[in-house]
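*Asks:* The working numbering applies: residue 6 is where the sequence shown begins, and numbers increase by one.
Below is a structure I'd like to ask you about.
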Amino acid sequence: MKERPLSALLGKGASWTGDLRFEGRVRIDGTYKGRIYTEDILEVGEGGLIQGEIDAAILVVAGTVDGGVRVRERLQLQSTGLVRGRLDAKLLEVSPGGRIDATVKLG
């Protein structure tokens with residue numbers, strides 16, 4: 006997959022609460038509480054924390070996601086990543102060290 010440029014970034018030390026709907030590639034390195042919806046790519050950086058609901062086409066997790074997750078295409082859980090709660094993904098890729106503490110539905 007060709008790397009797409011970032012459309013938005015929530016940097017380390019920043020926090021946001023609310024609902025987010027976007028197109029393109031967005032990266033969360035700070036703390037986000039709420040609901041996120043995208044037909045594109047959401048990345049959670051190594052220091053990032055999302056608490057809430059995610060509905061994304063592609064999700065890359067190097068930080069922590071705590072809540073309900075629906076991924077329509079592919080979830081990449083990196084070695085530092087953690088998903089807690091509920092996970093529904095079409096395809097799941099887990100790097101050694103990646104952790105899941107969730108009810109999981111694949112396919």
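Built from N, CA and C at the ideal position, the CB exists for glycine as well.
Keep in mind that this is a model prediction, so the values were computed, not measured.
1) Buried or exposed: which applies to V109, given that a residue is buried once 16 or more other Cβ atoms fall within 10 Å of its Cβ?
2) What does the Cβ neighbour count give for D34, buried or exposed, with the cut at 16 atoms within 10 Å?
3) Considering only their Cβ atoms, is the gap separating E48 from V65 smaller than 8 Å?
4) Closer than 7 Å by C-beta to A94: which residues in its own chain qualify, once you throw out the five before and the five after it? Chain order, please.
5) Looking only at C-alpha atoms, which of R9, T36, R104, G16 sits nearest to E28?
6) So, under 8 Å CB-CB, G72 and E58 are touching, yes? Tell me the CB distance rounded to an integer number of Å.
7) Classify L89 as helix, strand or coil using the three-state DSSP reduction.
8) Using the rule of at least 16 other Cβ atoms within 10 Å of the residue's Cβ for burial, across every protein chain shown, is L195 buried or exposed?
9) Contact defined as beta carbons within less than 8 Å: I believe G90 pairs with G68. What is the distance between those atoms, to the nearest angstrom?
10) Give me whichever residues DSSP pairs with L11 in a beta bridge.
*Replies:* So, to answer that:
1) Residue mapping note: residue 109 aligns to position 104 of the sequence shown, counting from 1. Exposed, by the Cβ-count rule.
2) Stepping through the sequence shown from its first residue, residue 34 is reached at position 29. The residue is buried, with at least 16 neighbouring Cβ atoms inside 10 Å.
3) The count along the sequence shown starts at 1 and reaches residue 65 at position 60. The count along the sequence shown starts at 1 and reaches residue 48 at position 43. It is a contact, given that the beta carbons lie within the stated cut-off.
4) On the sequence shown, position 89 is the one that residue 94 refers to. If we look at A94 and ignore the five residues flanking it on each side, its Cβ neighbours are V76, L80, L111.
5) Counting from one through the sequence shown, the residue named residue 28 turns up at place 23. When each option's Cα is compared against that of E28, the closest is R9.
6) The sequence position of residue 72 within the sequence shown is 67, counting from 1. The sequence position of residue 58 within the sequence shown is 53, counting from 1. Going by Cβ atoms, the distance from G72 to E58 rounds to 6 Å, so yes, they are a contact pair.
7) On the sequence shown, residue 89 is found 84 positions in, with the first residue counted as 1. The residue you asked about is not Leu; residue 89 is Arg in the sequence shown. Note: R89 maps to strand in three-state DSSP.
8) Outside the displayed span of the chain (6 to 112) sits residue 195, for which this structure offers no information.
9) Working through the sequence shown from its first residue, we reach residue 90 at position 85. Working through the sequence shown from its first residue, we reach residue 68 at position 63. About 14 Å; that fails the 8 Å criterion.
10) Here residue 11 refers to the residue found at position 6 of the sequence shown. BP columns for L11 point to R30.
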